[in-house]
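Beneath this line is the structure, given in C-alpha cells, with notes to follow.
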Ligand code: SF4
Ligand code: ZN
Ligand code: ZN
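In this note's numbering, the protein residues as written are 598 to 919.
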C-alpha cells in the first residue's frame, strides 16, 4: 500500500509553520507572507508597465475573487502613494446575482474607504436578463456573454471618461490572459491578442487600461481572498455558458503542463508580453469616430453599444430616451 505523506514546510520568509505551497515560486509561505507575496507581485507588475503619468485610477470590480484581489492588493498602496482611487461596479440587472454582487462590492469598498460608483445598466432601458431573453427567442443572434462583454467595456470606459479618471484597472488573472492570448494568436487575431497587454494607453476618449493581475495564477487569487478573509461572490452568473469553450479547454491543458513543469504558464506569458507582442505591429490603429448618439469614441457610427441598444429597445417595445 502506498502511503503519501504531505510534509508541511516552513515559511521561506519567517521560518514559521507554512500553510501555502507555491510550486512556481518553489516556496512555502505562512499566511502573512503569502499575502505579502501576492501583493508584491501585483504592485510590481503595476509599476513595471504603467507609466507614472496617471493620477485618477478607477478599479472595475465585479465582486468576484479576481477583481477583489487586485483591489485589495493594489488600491491601498496607490492611495498611500497619493493617487486618487475609485471603484466602479456595473449593475447588469441579473436578478439576485447582481444584487448579491453589488452588496459585496459595497461592503469591500466600505472596508477600504474607497468611493464607489454604481453604473446601472437598467438606466439605459434594458438589462442583461432582457438580453438573455432576446437571445433565447433568437431575436439577438450573438451569445449573451458577447453582448454582456461589450456592454461592460463600454460602460467602464464611459464612466471613467465622464468622471475624469485617466486609468481603468481590471482583474484579469494569468490563466485567463494566457489562454485568451494564445487562442487569439493561433486564430490569427493579433488585434485581440495585443489588447490584453498589461497596459494599453488611452487615446481620443478611450481611457488607458491596466491589468496588474496578469502574472497572478487564478488559484493564487482564491488563496488570497481566503487568506485575507475577503467576502467575495461565489455564485456563478446564471448565463455562464454550459458548453466548454476552446479557451477553457486550452486553459485546462496549460494547467496540466504547469502541474508537471511549475511556472511554465508564467514564463510563457512573460515571454509573450515582453518579447513577442512588442514585435507585432498592427499596421494602423483603426481611426476612431464619435458616435452620433452617445458621443463616445468608436470605430463605427453609431457605436456597437448604441446600435445593440436600439435593437433591444425596439424589440422590448421601450422608447429610446437617448
Ligand atoms: Fe455577463 Fe456572461 Fe459573465 Fe454572466 S457569464 S456576467 S452574462 S459575461
Ligand atoms: Zn512567514
Ligand atoms: Zn454610442
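C-beta atoms are modelled at their ideal positions from N, C-alpha and C, and glycine is treated no differently. Please read all numbers here as calculations on a predicted model, not as lab measurements.
Integer Cβ distance of residue 809 from residue 671, believed to fall under 8 Å:
Along the chain shown, one-based indexing puts residue 809 at 212. Along the chain shown, one-based indexing puts residue 671 at 74. Rounded, the Cβ-Cβ distance is 6 Å, consistent with contact.
For residue 939, does the three-state DSSP call read helix, strand or coil?
A query on residue 939 cannot be resolved here, the shown segment of the chain reaching from 598 to 919 and no further.
CA-to-CA distance, residue 610 to residue 900, given in whole angstroms
As a working mapping, residue 900 is identified with position 303 in the chain shown. As a working mapping, residue 610 is identified with position 13 in the chain shown. Approximately 52 Å between the Cα atoms of the pair.
Keeping to the same chain, check which residues put their C-beta closer than 7 Å to that of residue 820; ignore five residues upstream and five downstream.
The count along the chain shown starts at 1 and reaches residue 820 at position 223. Hits under 7 Å: 617, 631.
Considering only DSSP beta bridges, list what residue 686 is partnered with.
As a working mapping, residue 686 is identified with position 89 in the chain shown. 715.
Proximity below 7 Å, CB of residue 877 to CB of residue 783:
Indexing the chain shown from 1 puts residue 877 at position 280. Indexing the chain shown from 1 puts residue 783 at position 186. Contact: no.
Starting from the C-beta of residue 836, find all residues in its chain whose C-beta is less than 6 Å away, skip the five residues before and the five after it, and write them out in chain order.
Taking the chain shown and counting its residues from 1, one reaches residue 836 at position 239. The residues are 729, 741.
Would you kindly work out how many angstroms separate the C-alpha atoms of residue 913 and residue 764, rounded to a whole number?
As a working note, residue 913 is residue 316 in the chain shown. As a working note, residue 764 is residue 167 in the chain shown. In a straight line, the C-alpha of residue 913 is about 35 Å away from that of residue 764.
Got a sec: does ligand 3 put a non-hydrogen atom nearer than 6 Å to the Cβ of residue 909?
Mapped onto the chain shown, residue 909 falls at position 312. No, Cβ of residue 909 sits at least 6 Å from all heavy atoms of ligand 3.
Delimiting residues of the beta strand (DSSP E) encompassing residue 654
What you label residue 654 is simply residue 57 of the chain shown in a count that begins at 1. Here the beta strand (DSSP E) through residue 654 covers 653-657.
Could you pull the DSSP bridge partners for residue 887 from this structure?
Counting from 1 along the chain shown, the entry for residue 887 is found at position 290. In DSSP, residue 887 forms a bridge with 894.
Going by Cα to Cα distance, which pick from 677, 890, 727, 852 is closest to residue 690?
On the chain shown, position 93 is the one that residue 690 refers to. The candidate whose alpha carbon is nearest that of residue 690 is 727.
For residue 617, the residue or residues it bridges with in DSSP
Reading the chain shown from its first residue, position 20 is the one you call residue 617. DSSP, once it has assigned bridges, lists 626 as partnering residue 617.
Euclidean distance between Cα positions of residue 602 and residue 613
As a working note, residue 602 is residue 5 in the chain shown. As a working note, residue 613 is residue 16 in the chain shown. Confidence at residue 602 is low in this model, with a pLDDT of 49, below 50, so its placement is unreliable and the value that follows should be read with caution. If you take the alpha carbons of residue 602 and residue 613, they lie about 20 Å apart.
Around ligand 3, what residues have a beta-carbon under 7 Å from a heavy atom of it, in chain order?
888, 890, 891, 893, 895, 899, 900, 902, 903
Can you tell me where the alpha helix (DSSP H) with residue 748 in it begins and where it stops?
Counted from its first residue, the chain shown places residue 748 at position 151. Where residue 748 is concerned, the enclosing alpha helix (DSSP H) stretches over 741-759.
Can you name the residues that DSSP bridges to residue 665?
Position 68 of the chain shown holds residue 665. Its beta-bridge partners do not exist; DSSP assigns none.
Are the stretch 754-762 and the stretch 793-806 in contact at 8 Å, needing three or more beta carbon pairs?
yes
Should residue 762 be counted as a contact of ligand 1 given a C-beta to heavy atom distance under 6 Å?
Walking along the chain shown from the start, residue 762 turns up at place 165. For ligand 1, not one heavy atom lies less than 6 Å from the Cβ of residue 762.
Find out if the Cβ-Cβ distance for the pair residue 693, residue 653 is shorter than 7 Å.
Here residue 693 refers to the residue found at position 96 when the chain shown is read from its first residue. Here residue 653 refers to the residue found at position 56 when the chain shown is read from its first residue. No, these two residues do not count as a Cβ contact at 7 Å.
Buried or exposed for residue 817, going by 16 or more other Cβ atoms inside 10 Å?
Along the chain shown, one-based indexing puts residue 817 at 220. Buried, because 16 or more other Cβ atoms sit within 10 Å of the Cβ of residue 817.
Residue 744 burial status per 10 Å Cβ neighbour count (16 or more: buried):
Working through the chain shown from its first residue, we reach residue 744 at position 147. With 16 or more other Cβ atoms within 10 Å, it is buried.
Cα separation between residue 885 and residue 796?
As a working note, residue 885 is residue 288 in the chain shown. As a working note, residue 796 is residue 199 in the chain shown. For residue 885 and residue 796, the distance between alpha carbons rounds to 20 Å.
Heavy atom of ligand 1 less than 6 Å from the Cβ of residue 721, yes or no?
Here residue 721 refers to the residue found at position 124 when the chain shown is read from its first residue. Residue 721: no, Cβ never under 6 Å from ligand 1.
Does ligand 1 have a heavy atom nearer than 6 Å to the CB of residue 834?
Counting from one through the chain shown, the residue named residue 834 turns up at place 237. Under cutoff, so the answer is yes.
Any 3 or more C-beta pairs closer than 8 Å across the stretch 752-759 and the stretch 886-895:
yes
Taking the alpha-carbon positions, what's the residue 828 to residue 688 distance?
Reading the chain shown from its first residue, position 231 is the one you call residue 828. Reading the chain shown from its first residue, position 91 is the one you call residue 688. Cα to Cα, residue 828 sits roughly 18 Å from residue 688.
For ligand 2, is there any heavy atom lying closer than 6 Å to the beta carbon of residue 613?
Looking up residue 613 in the chain shown gives position 16. Residue 613: yes, Cβ under 6 Å from ligand 2.
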